[in-house]
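At position 128 of the sequence shown the residue is numbered 128 (full-length UniProt numbering), and the sequence of numbers has no breaks.
Only one structure is covered here, and it is reproduced in the block below.
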Amino acid sequence: MNPYILATLLFGLGLGTTITFASSHWLLAWMGLEMNTLAIIPLMAQHHHPRAVEATTKYFLTQATAAAMLLFASTTNAWLTGQWDIQQMSHPLPITMITIALALKIGLAPTHSWLPEVLQGLDLTTGLILSTWQKLAPFALLLQIQPANSSLLIILGLMSTLIGGWGGLNQTQLRKILAYSSIAHLGWMILVLQFSPSLTLLTLLTYLVMTFSTFLVFKLNKATNINTLAISWAKTPALTSLTPLVLLSLGGLPPLTGFMPKWLILQELTKQDLAPTATLAALTALLSLYFYLRLTYAMTLTISPNSLSGTAPWRLPTTQLTLPLAISTMATIALLPLTPAIMALLTL
Numbered sequence: 001m002n003p004y005i006l007a008t009l010l011f012g013l014g015l016g017t018t019i020t021f022a023s024s025h026w027l028l029a030w031m032g033l034e035m036n037t038l039a040i041i042p043l044m045a046q047h048h049h050p051r052a053v054e055a056t057t058k059y060f061l062t063q064a065t066a067a068a069m070l071l072f073a074s075t076t077n078a079w080l081t082g083q084w085d086i087q088q089m090s091h092p093l094p095i096t097m098i099t100i101a102l103a104l105k106i107g108l109a110p111t112h113s114w115l116p117e118v119l120q121g122l123d124l125t126t127g128l129i130l131s132t133w134q135k136l137a138p139f140a141l142l143l144q145i146q147p148a149n150s151s152l153l154i155i156l157g158l159m160s161t162l163i164g165g166w167g168g169l170n171q172t173q174l175r176k177i178l179a180y181s182s183i184a185h186l187g188w189m190i191l192v193l194q195f196s197p198s199l200t201l202l203t204l205l206t207y208l209v210m211t212f213s214t215f216l217v218f219k220l221n222k223a224t225n226i227n228t229l230a231i232s233w234a235k236t237p238a239l240t241s242l243t244p245l246v247l248l249s250l251g252g253l254p255p256l257t258g259f260m261p262k263w264l265i266l267q268e269l270t271k272q273d274l275a276p277t278a279t280l281a282a283l284t285a286l287l288s289l290y291f292y293l294r295l296t297y298a299m300t301l302t303i304s305p306n307s308l309s310g311t312a313p314w315r316l317p318t319t320q321l322t323l324p325l326a327i328s329t330m331a332t333i334a335l336l337p338l339t340p341a342i343m344a345l346l347t348l
């Protein structure tokens, strides 16, 4: 892609998210989300492959549906209450509609089925943008409206953690596994949104760091399915020994960073007398952990299939920058000791 066009599109992505962050009026927030969608579509379709075009079309249709629903809900809110302000949402009908529209935008269950299909059709770099940056603007709106419809959010959260864990069990394609992982993590964020918005923000930040490092690892290995991971030891031995820790951090095992948000969320849910919800969420985390363990097993404990397609690759020097990967991997593995400091900040 022409670097000028690429720069323009990335600027559009940044501007769309920034407009949504800064807006207090529903029309402006909607415009920011639309700019975001329109900027990423050429990035998704840049490889003129049928799968990429199909993924782009599916993404466009779902995002357009969610945007139309958001606009309809905000217009309904203005009609019922006379308010266009994001933080002045008082009527339950538009709040519920906007929550569902934003759930469709970020890929929460039960409106999740577009996400694995779309991510599977993209290359890893665009997939990384879709899994991280594209979640920020809808989450900013969810944090601003703070939906008081507690049962809806808990149902959405539990369904997402369950489907995110269950859906990934049977997958061999890494991008689909990462999509289901994303759905499960979003479920955890939504579960605690109404009780502790700052905890949701913390979970979102740790999810961004962990997903960033996972995508960069797969990109460095040019890995798109589990079998390719089995031959990564021949290419990057040091990284192959660190990657299981990154994957288990995504699964939420102590003493890695990914354990921190899960631990704090379960604690908060128990404080709110929602012990059954916390128990269910913890059990669904085991499902997610299973498929991360599968990836870890394939990467470190299996010898690659010595067929023609699975022979060890050439160890050519990579052109990818390794500093972002190093920083994000260390953050993914080693931030758990900062938990007391983070808790002190959350209680300020």
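Just so you know, even glycine gets a beta-carbon here, dropped at the ideal spot from N, CA and C.
Just so you know, these numbers come straight off a predicted model, no measurement behind them.
**Start-end ranges of the alpha helix (DSSP H) lying completely within the region 246–329, minimum 4 residues** = 259–271, 275–300
**Message:** If we require 4 or more residues per run, which alpha helix (DSSP H) segments fall completely within the region 114–148?
**Reply:** 114–120, 124–131, 133–145
**Request:** Could you say which of Val53, Phe291, Trp30 lies nearest to Pro244 if we only look at CA atoms?
**Result:** Phe291
**Bridge partner(s) assigned by DSSP for His25** = Asp85
**Request:** Select from Gln272, Trp79, Ile5, Thr18 the residue whose C-alpha is nearest the C-alpha of Ser196.
**Result:** For Ser196, the nearest C-alpha among the options comes from Gln272.
**Prompt:** Quick one: is Ser150 buried, meaning 16 or more other Cβ sit within 10 Å of its Cβ, or exposed?
**Reply:** exposed
**Message:** Using 9 Å as the threshold, is the C-beta distance between Ile106 and Gln134 below it?
**Reply:** Going by C-beta atoms, Ile106 is nearer than 9 Å to Gln134.
**Request:** With Trp101 as the anchor, note down where its alpha helix (DSSP H) starts and where it stops.
**Result:** The amino acid at residue 101 is misidentified as Trp; the sequence shows Ala. Here the alpha helix (DSSP H) through Ala101 covers 92–106.
**Prompt:** Got a sec? Which residues, its chain only, sit under 7 Å from Thr318 by beta carbon, not counting five neighbours each side?
**Reply:** Leu220
**Asked** Going straight from the alpha carbon of Leu152 to that of Ile333, what length do you get?
**Response** 33 Å
**Request:** Can you give me the start and stop residues for the alpha helix (DSSP H) that His185 sits inside?
**Result:** 174–192
**Asked** How is Asn225 classed by DSSP in three states: helix, strand or coil?
**Response** strand
**Asked** Whose C-alpha, out of Asn170, Thr132, Phe139, is nearest the C-alpha of Leu199?
**Response** Closest by alpha carbon: Phe139.
**Message:** Can you give me the C-alpha to C-alpha distance between Leu289 and Ala55, rounded to a whole angstrom?
**Reply:** 27 Å
**Request:** Just mark residue 359 as buried or exposed, buried being the case when its beta carbon has 16 or more other beta carbons within 10 Å.
**Result:** Not covered by the structure: residue 359. The range shown for the chain is 1 to 348.
**Rounded distance between the beta-carbons of Leu156 and Ile183, thought under 8 Å** = So it is not a contact: roughly 11 Å between Cβ atoms.
**Message:** Could you compute how far the alpha carbon of Pro94 sits from the alpha carbon of Ile342?
**Reply:** 34 Å
**Prompt:** To the nearest angstrom, how far is it from the Cα of Gly187 to the Cα of Ala281?
**Reply:** About 9 Å.
**Prompt:** In its own chain, which residues sit with a C-beta less than 7 Å from the C-beta of Trp233, not counting the 5 before and 5 after it?
**Reply:** Thr240
**Message:** Assuming residue 364 is part of the alpha helix (DSSP H), what are its boundary residues?
**Reply:** What is shown of the chain runs 1 to 348, which leaves residue 364 out entirely.
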